Structure formats: structure tokens, C-alpha cells
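The sequence shown maps to residues 42 to 219 in the working numbering. Here a beta-carbon is modelled for each residue, glycine too, at the ideal position from N, C-alpha and C. Since we're looking at a predicted model, the values are computed, not measured.
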Amino acid sequence: MSAHPPKICVIGLRDSGWSLASLIANAGFPIVVCDNDRNVLDAFCVQKGVDPLEPARDLSSIETVIVALPDAKNTAAMLVGTYGLARLLQPGTCVINLRASEACLMLSVALAQHSVDYLSAELKGDFDHGDAGALDVVVAGAEEAMHHRSALFEVMGTVRYAGPLTHQGRSEALDAAH
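What follows is the structure in C-alpha cells.
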């Protein structure tokens, strides 16, 4: 184990990304953040006292990447495209995608080629209060990867494992629950 705890990287600070990154930072997890809007990024970093992602400096210590981007194509391009982040992540890193889509299973397979785990997390609840543990979190994907990040998920809220991913990026258990 390294002398410094692994970092969590939150990509996408709009919508739920800002609130989720705030919960994680407030819980004391060492995080870095990334957003393509420099004003949003700078405002978050100043407010929370965290650093923006510097790939050359940070990627070797990141254990978990949380993606809160609204578009599945942008998520896939950012992670596994020509200049994708997956090529730079350490084996065993886990990507947690907050936007389930039909492309999730393909993204999971592409990330596995880089020895990167993939989880899909559906968050339900009120982000406005910023209370740790206030969300319902339903996770699909590799169960071991989820359990390895149990402390992180507990900060988010009540966690339920829904099973492995299916071709639609959701687990059969999650689909049956809806």
C-alpha cells in the first residue's frame, strides 16, 4: 500500500457531478476533478480546496474514476477513444459511470482490455441537501469492484448490488426492480 491514499477523480461537474464530488470531498476522500468548462472547474476547486486533474501527475494514483457526463458518446470517447483515459489508468482502476446506456456493456468490455473495471451506478435521491448517505445507489457490474469501493459508496448512500451488466448496460435485477 502506498504512503498516500488513492485518489478519486470525478469527471463532469454539472448536474449531479458537482453534488457528488462535494459529498466525496466533504467525507475526506482525496479527490481531483475535471470538467471541460474551466469556470465551473475553477469554482469547484476554490470552494472545496481540491485540485483539478493533471493527467501526468495524477493518473498513477487514481483508483476510481467517477464519470458524470450527460452523453454516452462523449463518455466512450473520453475513456476508450483514440486518446482515451483508459490507456493511462493503472490496472485495477475502476470507472463508475453515472449514466447508464445501451453502450455500457461495450464500454465495460473495452475498459477490460486495459485491465480497468467498470460499474454502472444509478443514483436516486435529493442532492440539494448535500448530506452524506442520503442517496439510494443501485450498482451493476463486477461485484468485487463494488465491494472494493464500499466506503466510497457508503458516503453516497444506501447501496444495493443489482448484478452484472447486461447488453443494455443494466442488470436484469435492476430492470426487474423497475
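Remark: C-beta atoms of residue 62 and residue 74 approach each other more closely than 8 Å. In the structure shown, residue 133 adopts coil according to DSSP, grouped into three states. Residue environment for residue 182: buried (at least 16 other C-beta atoms within 10 angstroms of its C-beta). Residue 175 carries a coil assignment under DSSP once its states are collapsed to helix, strand and coil. Partner residues in the beta bridge of residue 50, as assigned by DSSP, are 73 and 106. With a beta-carbon spacing of about 7 Å, residue 156 and residue 133 fall inside the 8 Å limit used to define contacts.
Counting along the chain, the unbroken alpha helix (DSSP H) around residue 82 starts and ends at 79-89. Excluding residues up to 5 positions away in sequence, 135, 158 and 160 lie with their Cβ nearer than 7 Å to the Cβ of residue 186 in the same chain. Under the Cβ criterion (8 Å, minimum of three pairs), the region 104-120 counts as touching the region 134-151. For residue 162, the enclosing beta strand (DSSP E) stretches over residues 158-165.
For residue 141, there is no enclosing alpha helix (DSSP H), as DSSP gives it neither H nor E. Between residue 86 and residue 72, the C-beta gap is not smaller than 8 Å, which leaves the two residues out of contact. Looking at the DSSP output, residue 92 sits in a beta bridge with 73. A distance below 7 Å between beta-carbons, with the five flanking residues on each side excluded, links residue 53 to the following residues of its chain, in chain order: 76, 108, 109 and 110. For residue 200, DSSP records a beta bridge to 178. Counting only the Cα atoms, residue 179 lies some 6 Å from residue 162.
The Cβ atoms of residue 142 and residue 206 do not sit closer than 8 Å to each other.
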